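Protein chains in written order, with this note's numbering: chain A, 405 to 565; chain B, 405 to 565. Data first, discussion second: the structure below is written as structure tokens.
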């Protein structure tokens, strides 16, 4: 179960889009979530910090929601990038940057703390700028949460300059 | 818009249930979200930290999901406590501790960073141990996110001892 993403889409986001608390490589205090392909599915690994608990022994639900959120936008970016003919880790233009339009999480079981988490995603194109990502979060071999993210290409309203 | 909850339900959770990263008063690194009544609605205020951004100038969606998550469980606890005849800040037994069964967030508009956020909740009993909380998150006077939490009284599976 313990794994590592070698070529993450977040490694290739433009610098201006790399400050996200969840997945920005430039956000020093952030979670540094990294999302890559595993065949035709997407994967993100995360080992929760000690303080990210709901009650002692179990992971904080908001952290799981954050993992699903960034896994969703990262997966959508991977999928559109692949549709455009590119893979992370190869010479390619900057990948598209998505934001979350909606997020849904079903907490299926309490998520034990102290084991690495793995999010697995399946992407589906709704239209080229809007993708649905269905996500399962595993602690070891147990699916503890199921999520769905509707991700859209970042609109100009997010550009502050 | 800037406000403060005087009597928060989280101030009265049992110590064992006060370690939540989002709303536990004993979690030093946590967000310390505090939820109280405002008439027949519930309210939580939060000023995002500098690093809790999606892109510079806008709040991280996972933080908004976390705010909605803990506002949901706190609101459900307030509601059942009131149904039982008790208010936070008065002499009362420990309030019931809820966990999130499901969480849904619609990100209506980009949430500007640098202004305090206010979550407002409306509670609805599904049955005594299961409540629905409908939540709106405001930045100043603008509703930026809408959420729904299904909260259930914490099951024994969360008791690690």
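Every residue gets a Cβ at the ideal spot worked out from N, C-alpha and C, and that includes glycine. The structure presented is a predicted model; accordingly, all values stated were derived computationally and were not measured.
May I ask which residues mark the beginning and end of the alpha helix (DSSP H) holding residue 471 (chain A)? Reading the first chain from its first residue, position 67 is the one you call residue 471 (chain A). That run of the alpha helix (DSSP H) goes 465-487.
For residue 431 (chain B), is the classification buried or exposed, using 16 other Cβ atoms within 10 angstroms of its Cβ as the cut-off for buried? Sequence index remark: in the second chain, residue 431 (chain B) carries index 27 (1-based). Per the 10 Å Cβ criterion, buried.
Can you give the beta carbon distance from residue 434 (chain A) to residue 479 (chain A), rounded, assuming they're within the 8 Å contact cut? As a working mapping, residue 434 (chain A) is identified with position 30 in the first chain. As a working mapping, residue 479 (chain A) is identified with position 75 in the first chain. Not quite, the Cβ-Cβ distance comes to about 18 Å (not below 8 Å), so this is no contact.
Checking the sheet assignment: what are the DSSP bridge partners for residue 534 (chain A)? In the first chain, the residue the question calls residue 534 (chain A) occupies position 130. Residue 534 (chain A) is bridged to A:531 and A:556.
Just verifying my parser: in three-state terms, what is the DSSP assignment at residue 449 (chain A)? Position 45 of the first chain, counted from the first residue, corresponds to residue 449 (chain A). Strand, per DSSP.
Can you confirm whether residue 473 (chain A), when its beta carbon is compared against all beta carbons of chain B, has any partner nearer than 7 Å? Here residue 473 (chain A) refers to the residue found at position 69 of the first chain. Yes, residue 473 (chain A) counts as interfacial toward chain B.
For residue 465 (chain B), the nearest candidate out of B:424, B:422, B:541 and B:415 (CA to CA): Sequence index remark: in the second chain, residue 465 (chain B) carries index 61 (1-based). Comparing Cα positions, the closest option is B:541.
Alpha carbon to alpha carbon, how far is residue 512 (chain A) from residue 487 (chain B)? Give it in angstroms, no decimals. By one-based count along the second chain, residue 487 (chain B) stands at place 83. By one-based count along the first chain, residue 512 (chain A) stands at place 108. Near 28 Å, if we compare the C-alpha coordinates of residue 512 (chain A) and residue 487 (chain B).
With burial defined as no fewer than 16 other Cβ atoms inside 10 Å of the residue's Cβ, what is the status of residue 530 (chain B): buried or exposed? Reading the second chain from its first residue, position 126 is the one you call residue 530 (chain B). Residue 530 (chain B) is exposed by the Cβ-count criterion.
If residue 549 (chain A) and residue 509 (chain A) are in contact, beta carbons under 8 Å, what's the gap, nearest whole angstrom? Taking the first residue of the first chain as position 1, residue 549 (chain A) is located at position 145. Taking the first residue of the first chain as position 1, residue 509 (chain A) is located at position 105. Right, their Cβ atoms sit about 6 Å apart.
With a threshold of 7 Å on Cβ separation, who are the neighbours of residue 408 (chain A) within its own chain once the five nearest residues in sequence on each side are excluded? Against the first chain, residue 408 (chain A) aligns to sequence position 4. Result list for residue 408 (chain A): 449, in chain order.
Count the other C-beta atoms from every protein chain shown that fall within 10 angstroms of the C-beta of residue 439 (chain B), then say buried if there are 16 or more, exposed otherwise. Looking up residue 439 (chain B) in the second chain gives position 35. The residue is buried, with at least 16 neighbouring Cβ atoms inside 10 Å.
Run through DSSP, which three-state label would residue 444 (chain A) get? The residue labelled residue 444 (chain A) in the question sits at position 40 within the first chain. In the three-state reduction of the DSSP assignment, residue 444 (chain A) falls in the coil class.
Closest Cα partner of residue 485 (chain B) within the set B:502, B:459 and B:458: As a first step, residue 485 (chain B) must be located in the second chain, where it is residue number 81. Distances from the alpha-carbon of residue 485 (chain B) to those of B:502, B:459 and B:458 put B:502 closest.
Beta-carbon separation of residue 520 (chain A) and residue 451 (chain A) under 7 Å? On the first chain, position 116 is the one that residue 520 (chain A) refers to. On the first chain, position 47 is the one that residue 451 (chain A) refers to. Yes, they are a contact pair.
Residue 507 (chain B) at chain A interface by Cβ criterion, 7 Å: As a position in the second chain, residue 507 (chain B) is number 103, starting the count at 1. Using a Cβ-Cβ cut-off of 7 Å, residue 507 (chain B) counts as an interface residue toward chain A, since at least one Cβ of chain A sits closer than that to its own.
Is the shortest distance between the beta-carbon of residue 542 (chain A) and the beta-carbons of chain B less than 7 Å? Within the first chain, numbered from 1, the residue matching residue 542 (chain A) stands at position 138. So, not an interface residue.
Chain-ordered chain A contacts of residue 488 (chain B) [CB-CB under 8 Å]: In the second chain, counting from the first residue as 1, residue 488 (chain B) sits at position 84. In chain order: nothing, as chain A lies at least about 22 Å away.
Taking residue 577 (chain B) as the reference, which of B:469, B:445, B:447 and B:444 has the closest Cα? Beyond the ends of chain B as shown, which are 405 and 565, falls residue 577 (chain B); an answer cannot be given.
Sub-7 Å separation of residue 553 (chain A) and residue 500 (chain A) beta-carbons: What you label residue 553 (chain A) is simply residue 149 of the first chain in a count that begins at 1. What you label residue 500 (chain A) is simply residue 96 of the first chain in a count that begins at 1. Going by beta carbons, residue 553 (chain A) and residue 500 (chain A) fall outside the 7 Å limit.
For residue 460 (chain A), would you say it is in contact with chain B, using Cβ-to-Cβ distances shorter than 7 Å as the test? As a working mapping, residue 460 (chain A) is identified with position 56 in the first chain. Yes, because at least one Cβ of chain B sits closer than 7 Å to the Cβ of residue 460 (chain A).
Between residue 425 (chain A) and the rest of its own chain, which residues show a CB-CB distance below 6 Å, the 5 nearest in sequence each way excluded? Locating residue 425 (chain A) in the first chain gives position 21, counting from the first residue. Around residue 425 (chain A), the same chain offers 431 and 434 as residues with beta carbons nearer than 6 Å, after the five sequence neighbours per side are excluded.
Members of the stretch 514-535 of chain A that neighbour chain B once the beta carbon cut-off is set at 7 Å: Listed by position, the residues of the stretch 514-535 of chain A near chain B (Cβ gap below 7 Å) are 514.
Return the residue from the list B:419, B:533, B:527 and B:563 that minimises the CA-CA distance to residue 447 (chain B). Taking the first residue of the second chain as position 1, residue 447 (chain B) is located at position 43. Ranking the options by Cα distance to residue 447 (chain B), first place goes to B:527.
Given this structure, state the Cα-to-Cα distance separating residue 389 (chain B) from residue 474 (chain B), to the nearest angstrom. In the structure as shown, chain B starts at 405 and stops at 565, and residue 389 (chain B) therefore has no counterpart that could be examined.
Select from the stretch 550-563 of chain A all residues with a C-beta closer than 7 Å to any C-beta belonging to chain B, and list them in chain order. Correct list: 561 and 562.
So with Cβ pairs under 7 Å, would you call residue 439 (chain B) a contact of chain A? Residue numbering aside, residue 439 (chain B) sits at position 35 when the second chain is read from its first letter. So, not an interface residue.
Give the interface partners of residue 448 (chain A) over in chain B, defined as CB-CB distance under 7 Å, in chain order. The residue given as residue 448 (chain A) occupies position 44 in the first chain. None at all; the shortest Cβ gap to chain B is about 13 Å.
Just the Cα atoms here: how many angstroms apart are residue 416 (chain B) and residue 492 (chain B)? By one-based count along the second chain, residue 416 (chain B) stands at place 12. By one-based count along the second chain, residue 492 (chain B) stands at place 88. Going from the Cα of residue 416 (chain B) to the Cα of residue 492 (chain B) covers about 7 Å.
Bridge partner(s) assigned by DSSP for residue 507 (chain A): Start at 1 with the first residue of the first chain, and residue 507 (chain A) comes out as number 103. For residue 507 (chain A), which the question treats as bridged, DSSP gives the partners A:553 and B:509.
Between residue 471 (chain A) and residue 523 (chain A), is the Cβ-Cβ spacing less than 7 Å? Residue mapping note: residue 471 (chain A) aligns to position 67 of the first chain, counting from 1. Residue mapping note: residue 523 (chain A) aligns to position 119 of the first chain, counting from 1. Against a cut-off of 7 Å, the Cβ pair of residue 523 (chain A) and residue 471 (chain A) comes out as a contact.
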